[in-house]
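Following this note's numbering, the numbering of the sequence shown begins with 67 at its first residue and continues without gaps.
Cβ coordinates follow ideal geometry from the N, Cα and C atoms, glycine included.
For reference, the structure discussed in these notes is given below.
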Amino acid sequence: MGSNITGIGSYVPEEVLTNADLEKMVDTSEEWIVTRTGIKERRICPGDKAASDLGTEAARRAIADAGIEASDVEMIICATITGDMIFPSTACVIQNNLGIENVPCFDISAACSGFIYGLEIARNFVDNGRYNKVLVVAAECMSRVTDYKDRSTCVLLGDGSAAAIVERSDSNFGILDTYIAACGKFGNLLYVPAGGSRMPATHETVENRLHYMKMEGSSLFRIAVVAMGEAVKKVLEKNKIGIEHLSMIIPHQANIRIIQAVARMLNFPMEKMFLNIEKYGNMSAASVGVALDEAVKSKKVKKGDLVCMVSFGAGLTWAANIMRWGKDD
Ligand code: ACO
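Right under this line is the structure:
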C-alpha cells in the first residue's frame, strides 16, 4: 500500500505581464530577460482576488480529475508564502470556498518547495492510514510581494496555482519516495523583511519598500543548482533507480539557466526537462504543480512513466520526489 496522486489540476489568472510591459516599468530589455532567465511572460492575479481564489479553482479541477466530490476530501494542506492574510490559513479559506466542513486544514511555508513538501506531508498521513483523500494546494500571488521598481526581481515572478488529490493506492502507481531538506542559515538570501512579528507594518516599512521580496540572485543561483541536482541524486540513489529510467524531470521554473545547469550536472537530456517558464516565470510553490499538470495534460507524462519533481526556494528549502505516474482504470 502506498500513496498516489489520483487527481491533478491547475489554474493561472488571465492577465498577462509581458517583457514589453516590464520594459516600460524598469530599466530592462526583452533580450536581457529572455537570455538571462528564459521568461517571456507571467500571469497576474486581479486586484480583487487572492491566493485562495486561485487555489480554489485549481482544487476544483483536481477534485474533478480524481472523480470525487469536494465533500470526500478529508484534509486540506495549502502550500503558500503569499496567503490571503497572516491568519486564518489560506487552507481554511479554500475549505470554506469549496463548502467542505469538519476536516483539518493548514498552511505550510516552504516557498518554491511547498508543493513537494505538501505532497510528502499528505503521503505520510495517507500511508499511516489516518486519512485518505488529502487535497494539496499550492497557491501563490507572487506579484503581491514583488517590487515593480526592482528590475533584479520583478522580471522573474508570476501568479498561479496547482492542486492534487493524494489517495491510498494498492497498485504500482504512486509516489515512491521523497527527499526534503532545508538550510535556514541561508534564509537572508531570499526574504520579505517586513509584515511579520519581527518588523510589523509602519509608515517607514512601507516607504522603504520592506514588504517586498529581497533576493541575492547570483548566490541563490549557485546554491539552487547544487541543491536541486543533489536532491534528485539522493532520492534516486536511496531507491536504487538509475537516472536513465526517468521519463521526465519536472523542475522548479525559476530560471532556464538553472534548469540547464541541473541537467548538465545530472547528465540528463534537456529534452526530458519539462519547461513552461517562458509562459509563467516563477510561481513559487505553484510552479512544479502547474508544470506537472501541463505535462500530464499534454501527454508528455504518460501512464507508467517514472517522473521526478524537484524544487528549490526560500528558507532555503529544497525537495525532490519520484512517482510512477498513473492510476488504475
Ligand atoms: N534587466 C537588465 N539588467 C539586469 C536585470 C534586468 N531585469 N536584472 C539584473 N540586471 C543586471 C544587474 O544589475 C547586473 O548589472 P551589473 O553587471 O552592471 O552590476 C547584471 O544584470 C548581472 O546581474 P546578475 O545578478 O549577476 O545576473 P544573473 O545572471 O545572476 O541573473 C537572476 C540574475 C536572473 C536573478 C539569477 O541570478 C537567478 O535566476 N537567480 C536565482 C533565483 C532563484 O532561484 N530564486 C529562488 C527561487 S524564488 C522563491 O523561492 C520565491
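Quick one: is residue i near chain C, going by C-beta distance under 8 Å?
i: L358; result: Among the chains of the structure shown, chain C does not appear; only one protein chain is present.
Which of helix, strand or coil does DSSP assign to residue i?
i: T122; result: helix
i: V192; result: helix
i: C249; result: coil
i: I388; result: strand
i: I129; result: helix
i: S353; result: helix
i: N198; result: coil
i: R323; result: helix
i: E81; result: strand
i: S69; result: strand
i: N348; result: strand
i: M336; result: helix
i: M279; result: coil
i: G240; result: strand
i: G257; result: Before going on, a small fix: residue 257 reads as Tyr here, not Gly. If DSSP states are grouped into helix, strand and coil, Y257 belongs with the strands.
i: L382; result: coil
What does the Cβ neighbour count give for residue i, buried or exposed, with the cut at 16 atoms within 10 Å?
i: M67; result: exposed
i: S76; result: buried
i: V272; result: exposed
i: I315; result: buried
i: S377; result: buried
i: I246; result: buried
i: S350; result: buried
Hey, is residue i close to the ligand ACO, as in C-beta under 7 Å from one of its heavy atoms?
i: R109; result: no
i: M151; result: no
i: V301; result: no
i: R102; result: yes
i: V221; result: yes
i: A248; result: no
i: M281; result: yes
Relative to the C-alpha of residue i, which candidate in the options has its C-alpha closest?
i: V354; options: G104, D114, I129, L185; result: L185
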